[in-house]
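Student: To convert, take the position in the sequence shown, counting from 1, and add 32; that gives the working numbering.
Quick one: the structure is below, and I'll ask about it shortly.
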Amino acid sequence: MPLPIPLPFPSIFGNLFGRHGELLGTPIDSSPPRGYLDVLSIPMAARLRSSSAILLFLESRLHNLLRFRIQWGALGAELLRGWCFGKDEMEDIGEALSNMVRTLNPYSEESSETD
Numbered sequence: 033m034p035l036p037i038p039l040p041f042p043s044i045f046g047n048l049f050g051r052h053g054e055l056l057g058t059p060i061d062s063s064p065p066r067g068y069l070d071v072l073s074i075p076m077a078a079r080l081r082s083s084s085a086i087l088l089f090l091e092s093r094l095h096n097l098l099r100f101r102i103q104w105g106a107l108g109a110e111l112l113r114g115w116c117f118g119k120d121e122m123e124d125i126g127e128a129l130s131n132m133v134r135t136l137n138p139y140s141e142e143s144s145e146t147d
């Protein structure tokens, strides 16, 4: 079953993790940023998702998204368009992040701001 969280691997884990989520002895030497990898499994992410440790990461992403949404008519809109995200996609992503935050913290103030 897929994990119900977005995993921009390896950007949230750095270059000490391999394609199977294994901890490497030395960093992978490639030009930063590495970008996305074809990840086969991420047991560390599964452990993070099964605890509330991922909550701060999700709340941070939700806060940033809300900040860009407020600035939609200004610089935030240009940034999001540069990433090929339209207003509808951003609303969908915001709703998904809000649901994830609410699942981990039902009393979160930020999760109710996107509803």
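Cβ coordinates follow ideal geometry from the N, Cα and C atoms, glycine included.
Beta-carbon separation of Leu97 and Met122 under 8 Å?
Tutor: A contact, by the Cβ cut-off of 8 Å.
Student: Give the single residue among Glu127, Glu91 and Phe100 whose Cα lies nearest to the Cα of Trp149.
Tutor: Limits of the chain in this structure are 33 at one end and 147 at the other, which puts residue 149 out of reach.
Student: What's the C-alpha gap between Ile109 and Gly57?
Tutor: Correcting the residue identity first, residue 109 is Ala in this sequence and not Ile. Whole-angstrom Cα-Cα distance: 41 Å.
Student: Report all residues from its chain with a CB closer than 7 Å to the CB of Leu112; omit the five preceding and five following residues, and keep chain order.
Tutor: Correct list, in chain order: Phe100 and Met122.
Student: Going by DSSP, what residue range makes up the alpha helix (DSSP H) through Asn137?
Tutor: Premise fails: Asn137 is in no alpha helix (DSSP H) and is neither H nor E.
Student: Would DSSP call Leu111 helix, strand or coil?
Tutor: Note: Leu111 maps to helix in three-state DSSP.
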